[in-house]
Amino acid sequence: MSSRRGRITDEEINELISKLQALLPESSRSRSASRSSASKLLKETCSYIKSLHREVDDLSDRLSELMSTMDNNSPQAEIIRSLLR
Amino acid sequence: MDTKSTPPPRPHQIPNPSRPDFLACWAAASPSKPMLAFHFLRALSRIHGVTTVRRRTRTIRRAAYSSMARAASPRRAWSRALLGQARARRSRTLTGRAVLLRRRRITAAAPPQPSSPASRSATIIAARGEISTAAARPLPPRQEGEPPRADALRRLVPGGAGMEYCSLLEETADYLRSLRAQVQLMQGLIDLFSCQ
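Going down the list, the sequences are from chains A and B.
Per the UniProt record's numbering, the first sequence starts with residue 1, numbered consecutively.
Per the UniProt record's numbering, the second sequence starts with residue 1, numbered consecutively.
This is the structure:
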């Protein structure tokens, strides 16, 4: 990853933005035109990242509950152990 | 740097053939995913001692972000920022001089960055505290045509405060990919565990 010095062209920025747009979920892309403004895209990216953070929290919660019900000799623990070997 | 060095992952066979082998399919999609699974599962297997559910949830969440950062390339600023935050959090449990020594070691061992000293100190400052404190941080370098929305993005992406706009976009894309992979991993683990 090189750090660019000097003037950054609009082209490069647009390219990066379209790459970002490709990463966002489908629903947001189909609705708006292919050329959404940079600001709108950033807003969607922010909300997407926030929703992913929330999902990580939620999944951590569920994993934590699952782990409490798991005993040491269950087949799942065996799978984990074999994966880590 | 006190990051653990791990051996490169080998494609492993899941011994139970009746399981959907989601890990094998999912790992094939992108090269970094086996590392993600390795780090996360290892962190999970260490958790058994913690008793309270709330604390375990918090530990799992931190393990998720740490394993994300470990699996990513250390060239990524967000990865370094996340690991720095984890270190700072651990060092807060120590007291006084030990903390000072540890922080000096971190700043001395910080990876050499080609960017200016200003952004480097910003990364260190971001590593010292949590993301939320904005008071002591130097102003992010503003590019022409950078929309005001970029500030919110800087707050969300770890280590985003000191970056140029272009780097911010790159880091965001990479961070998004890793976040998604992490979410898929956790979801898959939950499915694996809960279908009895």
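Backbone N, C-alpha and C define an ideal beta-carbon position, used for all residues, glycine too.
All figures in this text were calculated on a predicted structure; none of them were measured in a lab.
Any chain B beta carbon closer than 7 angstroms to residue i
i, result
"Arg54 (chain A)", "no"
"Asp58 (chain A)", "no"
"Ser51 (chain A)", "no"
"Ser39 (chain A)", "yes"
"Ser18 (chain A)", "no"
"Ser47 (chain A)", "no"
Between the CA atoms of residue j and residue i - distance to the nearest angstrom
i, j, result
"Pro74 (chain B)", "Leu52 (chain A)", "22 angstroms"
"Ala173 (chain B)", "Arg56 (chain B)", "30 angstroms"
"Thr59 (chain B)", "Ile47 (chain B)", "8 angstroms"
"Ile79 (chain A)", "Ser32 (chain B)", "20 angstroms"
"Ala122 (chain B)", "Gly162 (chain B)", "Note that Ala122 (chain B) has pLDDT 46, beneath the 50 cutoff, so the model's placement of it is unreliable and the number below is only indicative. Cα to Cα, the separation comes out at about 5 angstroms."
"Lys19 (chain A)", "Thr69 (chain A)", "42 angstroms"
"Leu192 (chain B)", "Leu100 (chain B)", "43 angstroms"
"residue 86 (chain A)", "Arg149 (chain B)", "Residue coverage of chain A in this structure runs from 1 to 85, which leaves residue 86 (chain A) outside it and unanswerable."
"Gln187 (chain B)", "Leu59 (chain A)", "7 angstroms"
"Ile13 (chain A)", "Arg54 (chain B)", "42 angstroms"
"Tyr165 (chain B)", "Ser194 (chain B)", "43 angstroms"
"Lys50 (chain A)", "Gln85 (chain B)", "19 angstroms"
"Leu66 (chain A)", "Arg54 (chain A)", "18 angstroms"
"Asp151 (chain B)", "Arg103 (chain B)", "27 angstroms"
"Arg42 (chain B)", "Thr52 (chain B)", "20 angstroms"
"Leu44 (chain B)", "Glu15 (chain A)", "38 angstroms"
"Thr9 (chain A)", "Arg76 (chain B)", "22 angstroms"
Neighbourhood of residue i by C-beta distance below 8 angstroms, restricted to the same chain and skipping five residues each side
i, result
"Ile17 (chain A)", "Ala38, Leu41"
"Arg90 (chain B)", "none"
"Asp61 (chain A)", "none"
"Leu179 (chain B)", "Met68"
Close-in-space but distant-in-sequence residues of the same chain around residue i (CB under 6 angstroms, 5 per side omitted)
i, result
"Glu170 (chain B)", "none"
"Ala69 (chain B)", "Ser79, Leu82, Leu83"
"His39 (chain B)", "Ser67, Arg70, Ala71"
"Gln182 (chain B)", "Ala64, Met68"
"Tyr158 (chain B)", "The sequence shown places Pro at residue 158 (chain B), rather than the Tyr named in the question. Around Pro158 (chain B): Trp78, Ala81, Leu82."
Chain A within 7 angstroms of residue i, Cβ atoms only
i, result
"Arg154 (chain B)", "no"
"Phe193 (chain B)", "yes"
"Arg104 (chain B)", "no"
"Arg56 (chain B)", "yes"
"Ala64 (chain B)", "yes"
"Ala173 (chain B)", "yes"
"Met186 (chain B)", "yes"
"Leu82 (chain B)", "no"
"Arg87 (chain B)", "no"
"Leu36 (chain B)", "no"
"Leu179 (chain B)", "yes"
"Arg70 (chain B)", "no"
"Arg61 (chain B)", "yes"
"Leu101 (chain B)", "no"
"Arg149 (chain B)", "yes"
Backbone secondary structure at residue i - three-state DSSP
i, result
"Ser64 (chain A)", "helix"
"Met163 (chain B)", "coil"
"Pro158 (chain B)", "coil"
"Ser178 (chain B)", "helix"
"Ser66 (chain B)", "helix"
"Arg87 (chain B)", "helix"
"Leu16 (chain A)", "helix"
"Leu192 (chain B)", "helix"
"Ser73 (chain B)", "coil"
Beta-carbon separation (whole angstroms), residue i vs residue j, contact threshold 8 angstroms
i, j, result
"Val56 (chain A)", "Arg61 (chain B)", "6 angstroms"
"Leu185 (chain B)", "Leu36 (chain B)", "6 angstroms"
"Leu153 (chain B)", "Leu176 (chain B)", "At roughly 11 angstroms, the Cβ-Cβ gap does not stay under 8 angstroms, so Leu153 (chain B) and Leu176 (chain B) are not in contact."
Own chain residues within Cβ distance below 7 angstroms of residue i, not counting five before or after
i, result
"Ser64 (chain A)", "none"
"Leu24 (chain A)", "Glu44, Thr45, Tyr48"
"Gly160 (chain B)", "Leu153, Arg154, Leu168, Glu171"
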